[in-house]
Structure formats: C-alpha cells, structure tokens
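Worksheet: one structure, shown below.
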Amino acid sequence: MPSFDPKKITKIHQHLHSHLPSDPALRVKALETILVEKGLVNSENIDRWVEVYADDIGPKRGAHVVARAWTDPAFKARLLADGSKAVGEMGYAGPASGHLKAVENTADSHNVVVCTLCSCYPFAILGMAPNWYKTAAYRSRVVREPRAVLAEFGVELSEDTAVHVWDSTAELRYLVIPERPAGTDGMTVDELAKLVTRNSMIGTDRDLKTGGV
Ligand code: FE
11 MPSFDPKKIT KIHQHLHSHL PSDPALRVKA LETILVEKGL VNSENIDRWV
61 EVYADDIGPK RGAHVVARAW TDPAFKARLL ADGSKAVGEM GYAGPASGHL
111 KAVENTADSH NVVVCTLCSC YPFAILGMAP NWYKTAAYRS RVVREPRAVL
161 AEFGVELSED TAVHVWDSTA ELRYLVIPER PAGTDGMTVD ELAKLVTRNS
211 MIGTDRDLKT GGV
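Our numbering puts the sequence shown at residues 11 to 223.
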C-alpha cells in the first residue's frame, strides 16, 4: 500500500502552488499564452474581440435601443413584448441577447438587474459587464436590500416607488428602459442615445441628465 505522509503532501501542494500565478490577470495571461502557442487562438483575434466589446458595442447599442423606444411607441411595444426580436430588428442580436426581457421604469416604479449566481449580462447590447456587477457584495445585497444598494449608487427612491429586482440567468437577461428625461422633446435618436448611461440600463442609475440641453 502506498504510504500517506500528510507533511510530504502539504509540501508538494505548496511547491505546486508556488508555480501558479496568484493574480487573476497573470492566470489569464498564462492561459492566453498556452492557447496561442497551441495555435487554438491568435492574439489579434483576442485583441479585436476585446475592442469590439469595449468600444464598438460598449453600452452604445443598448442606448440606441432605449432612445428608439422613447421616440417610437410601436417599437417600444415590440421591445416590451419580445426584447430579443426587437433588438434583432436593429441588427443587434448576439450571443447574449438570445432571450432578452426589457423592463420599463415609470414615475412610481424602478427596475434593477443582477445575476445572483454569477455575472450573466446582455453583452450583445451593453458590452462588457462592469466589475461591481460581478462582485459577491452586489449580487447578494441587491436582492436583500435593493434600496440601500441603490442609494449607494446615488439612486434615492421614495417609499412610494416600487422596486423590482430581476435575477438574470444564462437563458434570460434584462434591459432596463430608463425614463426619458424631461425637456428632450426636440432631440434626435442619436442625441437621446448619448444621455443614456450604462448603469441606467442595469438600474443603478435613474434620473438621466439632459447634458445642459
Ligand atoms: Fe450569471
């Protein structure tokens, strides 16, 4: 029978760990290096994907969807009825918009989105998820004390305002349609889209600024 020496095992374990990078960024770099070396991916493609999600898609697509909903009541009705289909109409269908539900803020109700299990997010229209969205603190607290968490983001809700917390899954993701700010009647869809913040489409921002217009 093989002998079991806990001290020896501990030593081997520590030795193995001493070869592993502890920093997640280093681990990702190590993984990327191996995948590139094995010819499974190339660095240009990885850089391009990061660029696409950070700059091209960003939250801009979502902002256009919201601005169109503000200006086109028929589109808004379609968006609320079937988010994925309406987003597809704008050419924004993507891997993470398979089942998308749009939820609308009103004067007396507020919506906020979380993924309590991990970090499911509508990447196809909002780009990369912010880091705070993935933290255990946000994921656990926003379902238990949404008003307190929202207040920390600067969203102060009166007791009369109902709060709806939507828990995302890999199959179903959410887009909050914030309220259109007052005094924006003459604005074009492109101008309106600039007023829509990423956080307002997650629900951690509410009163949009009109940018001095
Ligand atoms: Fe998730």
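Glycine included, C-beta positions come from ideal geometry on N, C-alpha and C.
Going by alpha carbons, who is nearest to residue i out of the options?
i, options, result
"T179", "L127, M211 and E169", "L127"
"G104", "P132, A112 and A77", "P132"
"A112", "Y102, M100 and R88", "R88"
"M100", "S150, V60, R154 and F85", "F85"
"M197", "P16, E54 and R78", "R78"
"T171", "V62, L185, R216 and C125", "R216"
"W176", "E189, P191, C130 and M138", "C130"
"R151", "L167, E166 and V122", "V122"
"Y184", "K18, W59 and I135", "I135"
"R149", "E169, L218, D195 and V124", "V124"
"R157", "P191, R190, S119 and V186", "S119"
"F163", "K18, D195, N209 and V153", "N209"
Would you say the beta carbon of residue i is closer than 7 angstroms to some non-hydrogen atom of the ligand FE?
i, result
"L127", "yes"
"S210", "no"
"S150", "no"
"S53", "no"
"A180", "yes"
Could you tell me the distance, in whole angstroms, from the CA atom of residue i to the CA atom of residue j?
i, j, result
"V173", "D200", "29 angstroms"
"Q24", "L202", "56 angstroms"
"L50", "P140", "28 angstroms"
"D92", "A35", "38 angstroms"
"G72", "M211", "7 angstroms"
"A117", "E181", "29 angstroms"
"G68", "Y143", "15 angstroms"
"G222", "T207", "Interpretation of G222 is limited by its pLDDT of 49, a score under 50 that renders its predicted location unreliable; no figure is taken from the coordinates."
"K39", "Y102", "30 angstroms"
"V159", "G98", "32 angstroms"
"T145", "T220", "30 angstroms"
"M138", "T20", "39 angstroms"
"D82", "T214", "25 angstroms"
"L205", "V165", "17 angstroms"
"E114", "P188", "6 angstroms"
"G193", "S53", "47 angstroms"
"E155", "S168", "14 angstroms"
"V186", "R37", "34 angstroms"
With respect to the beta strand (DSSP E) encompassing residue i, which residues constitute its N-terminal and C-terminal limits?
i, result
"E114", "L110 to E114"
"S119", "S119 to V124"
"D177", "A172 to D177"
"Y184", "R183 to I187"
For the alpha helix (DSSP H) containing residue i, name the first residue and the last one.
i, result
"D57", "S53 to E61"
"R190", "From DSSP, R190 is part of no alpha helix (DSSP H); its letter is neither H nor E."
"K204", "That residue, K204, is in no alpha helix (DSSP H); it is neither H nor E in DSSP."
"V198", "The question names Val, yet the displayed sequence has Thr at residue 198. Taken as a continuous stretch (DSSP letters only), T198 belongs to no alpha helix (DSSP H), as it is neither H nor E."
"G72", "K70 to T81"
"T43", "P34 to E47"
"K95", "G93 to E99"
"S129", "Neither: S129 is in no alpha helix (DSSP H) and is coded neither H nor E."
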